[in-house]
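All remarks here apply to the structure that follows.
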């Protein structure tokens, strides 16, 4: 029997979450049913959120759930369920596409692997031990520094002694404002387009028209 | 709790205690969801009976028919578990569990009293909202996988509704969060300790208004009448769960009643003081924060208090369900986008102005000497890993590059708090002056 007291539960859960993420990512590749693909993708992304929670990055984990999992959900509804015709419900991938995907995905994997194994601190056993033993896992407080960084104050850089370096480490206020204005524009655009279409159809319906044409508009 | 269990077993710092503590938390929360559903279904039957001028269940289990739900449960277990021919079998069978799991997982971050929480997550409000949004996933899968038109219609309605109502719900939740200065639900609850004038709902007229918008959106987001379009019996047979029977069907209902309790509890913590009663009896007799047995009793009273508040919320939802007729889908979306979102935005701006302009408010929050909008979580300006700051070990990630200038070379964990108080205050000031400057134009 396994000695329950000796099991490293952090590693145990890491393996579970990472395994689930990988297996369901493979499932996305191997299944040919579009809705199941979306379902597997959601499980895989949810397991990634679990990895974030395990690492103590709760805010990023919740963000992953809200944006990626929730976003995939919307994709599933509006992209798949409403638009999919029978030939897309069951997708067959051409061998040529497989080759292309393997080249693109494989090269990305190579880049990531080289980066992951190229960090010098991770090879030094002593440094790894020191970093692990100093980890604070009870309550990692990440939301406020993130929020302050978005409004222009990098809390983690307040103690930077070099004045020149300190100035270069300002927060992300400008990107934040750009992104939010971008989103606002998108929202207004979407509302405008939804409005305009309905008005056009309203005008059309009053004109005497052949019934066949109206169906094309929809 | 984990340390306590480890102490009993005789292992200091072993992971064993943490696993047992996690199991205890999970089992307790499962009981909150399952037993809660048992009681709320009975309550729904009784309340609906009274509203319709009849008695409701009276015979099963004695005087008030209080065993009615259990009898229903046994009936549901005995029912045949049917899967339609045209269904996607795997997704059809999985969908109820996904709904239930999402509803249950959100309870992990919901505190029941001061510190009585399975996982004291720092961004708990956000976590609860994110996980609660996943419940619709089970409903959509159920609707699609059933292979039935009624189910698919129900699922599409639910999807449109939940995606729309997340926007005003988020806007409403932000107001108590910026009043409290934190997303930690335990801290938000503790800040409202004292008389009932300290509850955030009485902070200013705007927070009072926004609570009702929150409650409307919460009712819509847990798919309750008058927003229960996904299961509109008069149009869609039974909506997304038309094809379900037996225990799988009851899982959807456990998820629904669990979510009702969850959003009511969230509303109680965010607006109605959480586990703090209208009269601070436990503070007056000095039991709260006293530790030991009296502290435990105070927490127990707080837990009862919180449960009562959440139950009142659920009862109001039941009352609304049996009073108002169901809305049409266009009316539901109109309510959300034309009324809830603009009202929530206006109240958000109003509450923000009230706070920044320092207008009088009955709230006297437990924030020390600072006004509420200047509350800063102190740890943000203190290095988290002071022992890592000596030059021997280079650091990675978000840890400090160098030790703060005023810090001693290798401070012990105890000395950090005292020594850096001055630094903290100085950088605190700096933080807020700099953020103020950026806000002002």
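Protein chains in written order, with my numbering: chain W, 4 to 221; chain Z, 128 to 568. Just so you know, even glycine gets a beta-carbon here, dropped at the ideal spot from N, CA and C.
Which whole-angstrom value is the C-beta distance of residue i and residue j, which I expect to be below 8 Å?
i: residue 264 of chain Z; j: residue 76 of chain W; result: 6 Å
i: residue 410 of chain Z; j: residue 316 of chain Z; result: Rounded, the Cβ-Cβ distance is 14 Å, inconsistent with contact.
i: residue 437 of chain Z; j: residue 392 of chain Z; result: 4 Å
i: residue 377 of chain Z; j: residue 209 of chain Z; result: Not quite, the Cβ-Cβ distance comes to about 14 Å (not below 8 Å), so this is no contact.
i: residue 195 of chain Z; j: residue 187 of chain Z; result: 5 Å
i: residue 389 of chain Z; j: residue 287 of chain Z; result: Contact flag wrong, Cβ pair sits at about 22 Å.
i: residue 146 of chain W; j: residue 250 of chain Z; result: 4 Å
i: residue 299 of chain Z; j: residue 471 of chain Z; result: 5 Å
So for residue i, helix, strand or coil by DSSP?
i: residue 19 of chain W; result: helix
i: residue 228 of chain Z; result: helix
i: residue 317 of chain Z; result: helix
i: residue 432 of chain Z; result: helix
i: residue 325 of chain Z; result: helix
i: residue 311 of chain Z; result: coil
i: residue 243 of chain Z; result: strand
i: residue 511 of chain Z; result: For residue 511 of chain Z, the predicted structure reports a pLDDT of 42, less than 50, and the residue's modelled location is therefore unreliable. A value from the coordinates is still provided. Coil, per DSSP.
i: residue 127 of chain W; result: coil
i: residue 249 of chain Z; result: coil
i: residue 36 of chain W; result: strand
i: residue 577 of chain Z; result: Here chain Z covers residues 128 to 568 and nothing more, so residue 577 of chain Z does not appear.
i: residue 97 of chain W; result: coil
i: residue 265 of chain Z; result: helix
i: residue 570 of chain Z; result: As shown, chain Z starts at 128 and ends at 568. That puts residue 570 of chain Z outside it, with no answer to give.
i: residue 330 of chain Z; result: coil
i: residue 367 of chain Z; result: helix
For a contact meaning CB atoms closer than 8 Å, what does residue i contact in chain Z?
i: residue 45 of chain W; result: 264
i: residue 181 of chain W; result: Correct list: empty, because the minimum Cβ distance to chain Z is about 15 Å.
i: residue 69 of chain W; result: 253, 256, 257 and 260
i: residue 42 of chain W; result: 218 and 268
CA-CA distance, residue i and residue j?
i: residue 512 of chain Z; j: residue 130 of chain W; result: Legend: pLDDT at residue 512 of chain Z = 44, less than 50; position of this residue unreliable, value from coordinates given subsequently. One C-alpha to the other measures close to 15 Å.
i: residue 200 of chain Z; j: residue 281 of chain Z; result: 25 Å
i: residue 143 of chain Z; j: residue 351 of chain Z; result: 41 Å
i: residue 156 of chain Z; j: residue 110 of chain W; result: 46 Å
i: residue 154 of chain W; j: residue 246 of chain Z; result: 28 Å
i: residue 296 of chain Z; j: residue 100 of chain W; result: 43 Å
i: residue 126 of chain W; j: residue 132 of chain W; result: 11 Å
i: residue 18 of chain W; j: residue 35 of chain W; result: 27 Å
i: residue 21 of chain W; j: residue 56 of chain W; result: 12 Å
i: residue 363 of chain Z; j: residue 285 of chain Z; result: 13 Å
i: residue 258 of chain Z; j: residue 52 of chain W; result: 11 Å
i: residue 609 of chain Z; j: residue 32 of chain W; result: This structure cannot settle anything about residue 609 of chain Z, because the visible part of chain Z is limited to 128 through 568.
i: residue 474 of chain Z; j: residue 185 of chain Z; result: 45 Å
i: residue 430 of chain Z; j: residue 403 of chain Z; result: 9 Å
i: residue 16 of chain W; j: residue 318 of chain Z; result: 35 Å
i: residue 149 of chain Z; j: residue 236 of chain Z; result: 13 Å
i: residue 452 of chain Z; j: residue 414 of chain Z; result: 47 Å
i: residue 193 of chain Z; j: residue 169 of chain Z; result: 7 Å
i: residue 518 of chain Z; j: residue 122 of chain W; result: Low local confidence applies: a pLDDT of 41 at residue 518 of chain Z is under 50, so the model's placement there is unreliable, and no value is given.
i: residue 530 of chain Z; j: residue 476 of chain Z; result: Residue placement at residue 530 of chain Z cannot be trusted, given a pLDDT of 38 that sits under 50; what the coordinates show is reported in the next sentence. If I take the Cα positions, the gap works out to 40 Å.
i: residue 157 of chain W; j: residue 61 of chain W; result: 19 Å
i: residue 276 of chain Z; j: residue 196 of chain W; result: 29 Å
i: residue 466 of chain Z; j: residue 187 of chain W; result: 19 Å
i: residue 325 of chain Z; j: residue 267 of chain Z; result: 41 Å
i: residue 260 of chain Z; j: residue 41 of chain W; result: 17 Å
i: residue 108 of chain W; j: residue 24 of chain W; result: 16 Å
i: residue 177 of chain W; j: residue 184 of chain W; result: 11 Å
i: residue 173 of chain W; j: residue 256 of chain Z; result: 30 Å
i: residue 189 of chain Z; j: residue 369 of chain Z; result: 33 Å
i: residue 506 of chain Z; j: residue 148 of chain W; result: Because the pLDDT of residue 506 of chain Z is 45, which lies under 50, any placement of that residue in the model is unreliable, and the number read from its coordinates should be weighed accordingly. Each residue's Cα considered, the two are about 10 Å apart.
i: residue 304 of chain Z; j: residue 180 of chain W; result: 21 Å
i: residue 338 of chain Z; j: residue 120 of chain W; result: 51 Å
Using a C-beta to C-beta distance shorter than 7 Å, which residues of chain W count as neighbours of residue i?
i: residue 286 of chain Z; result: 80
i: residue 310 of chain Z; result: 146
What in chain W is Cβ-close to residue i, meaning under 8 Å?
i: residue 250 of chain Z; result: 61, 62, 65, 145 and 146
Under 9 Å Cβ-Cβ, which residues of chain Z neighbour residue i?
i: residue 77 of chain W; result: 286 and 290
i: residue 2 of chain W; result: As displayed, chain W neither begins before 4 nor continues past 221, which places residue 2 of chain W out of reach and without an answer.
Listing by chain order, which chain Z residues have their CB less than 7 Å from the CB of residue i?
i: residue 224 of chain W; result: No answer is possible for residue 224 of chain W: the residues shown for chain W start at 4 and end at 221.
* Report yes or no: do three or more beta-carbon pairs, one from the stretch 213 to 227 of chain Z and one from the stretch 392 to 403 of chain Z, lie closer than 8 Å? => no
Can you confirm whether the stretch 330 to 346 of chain Z touches the stretch 423 to 432 of chain Z when touching is taken to mean that 3 or more C-beta pairs between the two stretches lie within less than 8 Å? no
Counting pairs of beta carbons, one from the stretch 61 to 76 of chain W and one from the stretch 44 to 52 of chain W, are three or more of them closer than 8 Å?
With a cut-off of 8 Å, the stretch 44 to 52 of chain W and the stretch 61 to 76 of chain W count as touching, because enough Cβ pairs lie within range.
Exercise. May I ask you to verify whether the stretch 299 to 318 of chain Z touches the stretch 238 to 257 of chain Z, counting CB pairs closer than 8 Å and requiring at least 3?
Key: yes
Count Cβ pairs between the stretch 444 to 458 of chain Z and the stretch 166 to 185 of chain Z that sit closer than 8 Å; are there 3 or more?
yes
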